[in-house]
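A quick write-up on the structure given underneath.
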Amino acid sequence: MTQSDRNGADRPIGRRGVLRTGGALAATGLGGLALSACTGTGTGTGTGGGTGRAGDPKKGEITVWSWQGPATELKALLPDFNRVYPDIRVTVQDIGNPAIWDKITTGLAAGGQGLADVLHIGVDYLPGYVERFPGGLADLGPLGATRHKDAFASGLWQTVCPDGKRVNALPWEANSAGFYYRADLFEKAGVDAEALQTWDETIEAGKRLKAKTGVHLLGIDKPASQPDAANFFQMLLQLQGAFYFDLEGRVTLDSPEAVRAMTLVKTMNDAGLVSDLAGGWNALMSSLKQGTNAVVPWPTWFGGIVEEQVPAEAGKWKVRLPPAVRRGGPTAATVNSTHLAVAGSSRHQAAAWCFVEFALTRPASQVRIYRGKGIAPALMKAYDDAVFHEPSAFFSGQKKGEIFLAALKAPSPAVNYTSDYARALKLITDAQSRVLLKGADPATVLREAAAELVRQTGRKAAR
Numbered sequence: 010m011t012q013s014d015r016n017g018a019d020r021p022i023g024r025r026g027v028l029r030t031g032g033a034l035a036a037t038g039l040g041g042l043a044l045s046a047c048t049g050t051g052t053g054t055g056t057g058g059g060t061g062r063a064g065d066p067k068k069g070e071i072t073v074w075s076w077q078g079p080a081t082e083l084k085a086l087l088p089d090f091n092r093v094y095p096d097i098r099v100t101v102q103d104i105g106n107p108a109i110w111d112k113i114t115t116g117l118a119a120g121g122q123g124l125a126d127v128l129h130i131g132v133d134y135l136p137g138y139v140e141r142f143p144g145g146l147a148d149l150g151p152l153g154a155t156r157h158k159d160a161f162a163s164g165l166w167q168t169v170c171p172d173g174k175r176v177n178a179l180p181w182e183a184n185s186a187g188f189y190y191r192a193d194l195f196e197k198a199g200v201d202a203e204a205l206q207t208w209d210e211t212i213e214a215g216k217r218l219k220a221k222t223g224v225h226l227l228g229i230d231k232p233a234s235q236p237d238a239a240n241f242f243q244m245l246l247q248l249q250g251a252f253y254f255d256l257e258g259r260v261t262l263d264s265p266e267a268v269r270a271m272t273l274v275k276t277m278n279d280a281g282l283v284s285d286l287a288g289g290w291n292a293l294m295s296s297l298k299q300g301t302n303a304v305v306p307w308p309t310w311f312g313g314i315v316e317e318q319v320p321a322e323a324g325k326w327k328v329r330l331p332p333a334v335r336r337g338g339p340t341a342a343t344v345n346s347t348h349l350a351v352a353g354s355s356r357h358q359a360a361a362w363c364f365v366e367f368a369l370t371r372p373a374s375q376v377r378i379y380r381g382k383g384i385a386p387a388l389m390k391a392y393d394d395a396v397f398h399e400p401s402a403f404f405s406g407q408k409k410g411e412i413f414l415a416a417l418k419a420p421s422p423a424v425n426y427t428s429d430y431a432r433a434l435k436l437i438t439d440a441q442s443r444v445l446l447k448g449a450d451p452a453t454v455l456r457e458a459a460a461e462l463v464r465q466t467g468r469k470a471a472r
């Protein structure tokens with residue numbers, strides 16, 4: 010799910026929203042500033058087949074590309090960074106989202122010409138860049154990344170290092186699937202939302218909610234007016250440990266898990282529990298303000314959006330992890346993440362790595378970023394800070410950070426987006442629209458979508 014790139018942006022823009030159209034996240038003082046030298050190599054040639062070089066790990070001028078909120082937070086780290094590395098000059102540029110994806114793609118296609126040294130990359134773009142532009146991103150392993158392999162949330166190291174050898178990036182944020190809900194509406198309907206163990210139970214609860222309060226259970230962009238219309242379906246898929254591709258890159262659009270997920274979507278819709286969010290983000294915000302849905306099944310970062318959009322509803326909202334798809338199954342899934350990579354064309358890869366390491370592996374850095382823009386860190390040690398264990402007045406006194414921390418601690422498989430994610434997403438959203446608007450059979454539309462993806466990409470089918 011989610012490819013939502015809010016990360017403190019002025020207006021959240023779904024990362025999938027640009028897959029179709031172009032393109033190819035309060036200070037804590039100086040605690041933890043013990044990182045006296047990065048683990049990079051010395052001068053020499055670049056890593057991973059790029060045209061750059063390692064350079065001097067203690068000095069140089071580097072540029073970082075990010076967007077909106079994350080760029081602001083990276084800039085805020087520079088005073089602390091320069092206390093440790095006074096001779097590394099860093100310029101952080103807010104390229105904007107979605108503009109950054111076109112800019113990175115253009116630079117990689119030009120052999121790295123014009124690229125920044127450090128690149129902020131979404132999980133759904135990373136595999137495509139790696140596959141289509143060998144050497145376009147530096148291998149961070151020789152620079153010292155492998156010593157941090159156990160520092161991040163489950164599944165994320167394999168995402169950035171899928172072959173167990175080459176490290177394409179370092180994880181920054183990790184967003185878990187969430188289940189934000191109007192506790193007052195559930196109470197009015199006489200339903201204990203915390204007791205719901207499966208989505209089948211949740212559907213039955215939704216029927217009672219609709220009868221007692223008139224609100225829908227949740228909303229979906231039924232005609233797929235935006236590319237992220239399949240967010241909910243994708244979450245149901247990942248809760249089962251499945252995705253559109255397996256780790257070998259084979260097509261799994263018609264897997265039993267996918268059929269189960271789409272069948273749940275159809276069952277909800279047939280019962281009249283799904284409102285239409287045609288129009289994408291604006292429709293979602295309107296629905297939130299009007300209270301048309303009792304549940305918003307969005308990731309970690311969405312809690313900040315709820316607080317911003319409906320501040321008067323403080324105390325009426327709660328959050329939990331989603332119900333399992335099957336009884337006893339997982340309720341945790343890392344549904345999106347972003348990463349920092351070093352350009353293979355950079356002439357200062359070692360200095361660039363020092364900045365990446367300082368920003369992403371130092372708990373104080375991640376805590377500062379979280380306090381500034383609410384970007385949930387992939388770095389597990391960061392969660393030792395009290396900020397993640399404070400009760401939320403808005404969410405009825407719940408310790409929201411601990412809820413999502415439990416999800417990050419749970420086993421979570423790596424997700425292989427591949428370079429063909431955009432094609433898979435388009436086929437899935439089309440299939441979902443046929444189910445929601447025309448009552449199509451889930452197994453049939455998914456089988457057809459899988460066959461078409463195999464045809465378009467030349468990939469093998471898993472079944």
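With the numbering used here, letter number 177 in the sequence shown gets 186, and the count goes up by one each step, no holes.
Ideal Cβ positions, reconstructed from N, Cα and C, are used throughout, including at glycine.
Everything numeric in this text was worked out from a predicted model, so none of it was measured.
In this structure, what does DSSP give as the bridge partners for residue i?
{"i": "residue 167", "result": "Residue 167 is not bridged to any residue."}
{"i": "residue 185", "result": "343"}
{"i": "residue 284", "result": "228"}
{"i": "residue 69", "result": "97"}
Starting from residue i, trace the alpha helix (DSSP H) in both directions and tell me its first and last residue.
{"i": "residue 209", "result": "208 to 222"}
{"i": "residue 116", "result": "108 to 118"}
{"i": "residue 384", "result": "Where residue 384 is concerned, there is no enclosing alpha helix (DSSP H), given that its DSSP letter is neither H nor E."}
{"i": "residue 79", "result": "77 to 93"}
{"i": "residue 4", "result": "Nothing can be reported for residue 4, as the shown portion of the chain is limited to 10 through 472."}
{"i": "residue 465", "result": "451 to 466"}
{"i": "residue 307", "result": "Unbroken run through residue 307: none, as it is neither H nor E."}
{"i": "residue 327", "result": "It is not in any alpha helix (DSSP H) - residue 327 instead sits in the beta strand (DSSP E) that spans 326 to 329."}
{"i": "residue 370", "result": "358 to 370"}
{"i": "residue 444", "result": "430 to 447"}
{"i": "residue 246", "result": "240 to 247"}
{"i": "residue 297", "result": "290 to 299"}
If you follow the beta strand (DSSP E) that residue i is in, where does it begin and where does it stop?
{"i": "residue 203", "result": "Segment: none, residue 203 is in no beta strand (DSSP E) and carries neither H nor E."}
{"i": "residue 409", "result": "Note, residue 409: premise wrong, no beta strand (DSSP E); alpha helix (DSSP H) at 409 to 418."}
{"i": "residue 139", "result": "That residue, residue 139, is in no beta strand (DSSP E); its alpha helix (DSSP H) goes 135 to 141."}
{"i": "residue 104", "result": "Counting along the chain, residue 104 falls outside any beta strand (DSSP E), and DSSP gives it neither H nor E."}
If you count every other CB in all the chains shown that lies within 10 Å of the CB of residue i, and 16 or more means buried, which is it?
{"i": "residue 295", "result": "exposed"}
{"i": "residue 92", "result": "exposed"}
{"i": "residue 6", "result": "Given a span of 10 to 472 for the chain in the structure shown, any question on residue 6 remains unanswerable."}
{"i": "residue 31", "result": "Caution is warranted here: a pLDDT of 33 is assigned to residue 31, below 50, making its placement in the model unreliable, and the coordinate value is therefore given only provisionally. Per the 10 Å Cβ criterion, exposed."}
{"i": "residue 256", "result": "exposed"}
{"i": "residue 455", "result": "buried"}
{"i": "residue 78", "result": "buried"}
{"i": "residue 358", "result": "buried"}
{"i": "residue 235", "result": "buried"}
{"i": "residue 441", "result": "buried"}
{"i": "residue 446", "result": "exposed"}
{"i": "residue 61", "result": "buried"}
What is the rounded straight-line gap between the Cα of residue i and the Cα of residue j?
{"i": "residue 473", "j": "residue 131", "result": "Since the first residue of the chain shown is 10 and the last is 472, residue 473 is not available in this structure."}
{"i": "residue 159", "j": "residue 166", "result": "8 Å"}
{"i": "residue 385", "j": "residue 225", "result": "29 Å"}
{"i": "residue 407", "j": "residue 241", "result": "24 Å"}
{"i": "residue 414", "j": "residue 394", "result": "12 Å"}
{"i": "residue 284", "j": "residue 122", "result": "47 Å"}
{"i": "residue 95", "j": "residue 372", "result": "21 Å"}
{"i": "residue 192", "j": "residue 326", "result": "5 Å"}
{"i": "residue 212", "j": "residue 171", "result": "37 Å"}
{"i": "residue 254", "j": "residue 380", "result": "35 Å"}
{"i": "residue 229", "j": "residue 290", "result": "11 Å"}
{"i": "residue 493", "j": "residue 462", "result": "Summary: the structure shown does not reach residue 493, with the chain confined to residues 10 through 472, and so no result is reported for it."}
{"i": "residue 65", "j": "residue 116", "result": "24 Å"}
{"i": "residue 473", "j": "residue 429", "result": "Here the chain comprises residues numbered 10 to 472, so residue 473 is not present and cannot be evaluated."}
{"i": "residue 190", "j": "residue 397", "result": "20 Å"}
{"i": "residue 270", "j": "residue 334", "result": "8 Å"}
{"i": "residue 466", "j": "residue 452", "result": "21 Å"}
{"i": "residue 126", "j": "residue 218", "result": "52 Å"}
{"i": "residue 464", "j": "residue 187", "result": "34 Å"}
{"i": "residue 512", "j": "residue 401", "result": "Residue 512 lies beyond the range of the chain shown here (10 to 472); nothing can be said about it."}
At a threshold of 7 Å, does residue i count as lining the ligand ADP (C-beta to nearest heavy atom)?
{"i": "residue 213", "result": "Among the ligands in the structure shown, none appear at all, so the ligand ADP cannot be discussed."}
Meets three-Cβ-pair contact criterion under 8 Å: the segment 330 to 349 and the segment 176 to 194: They touch, by the three-pair rule.
State whether the segment 233 to 253 contacts the segment 327 to 344, with contact taken as three or more CB pairs (one from each stretch) at a distance under 8 Å. Because the criterion of three Cβ pairs below 8 Å is met, the segment 233 to 253 and the segment 327 to 344 touch.
Taking contact to mean at least 3 C-beta pairs separated by less than 8 Å, is the segment 200 to 210 in contact with the segment 353 to 367? Contact between the segment 200 to 210 and the segment 353 to 367 is absent: fewer than three C-beta pairs spanning the two stretches fall below 8 Å.
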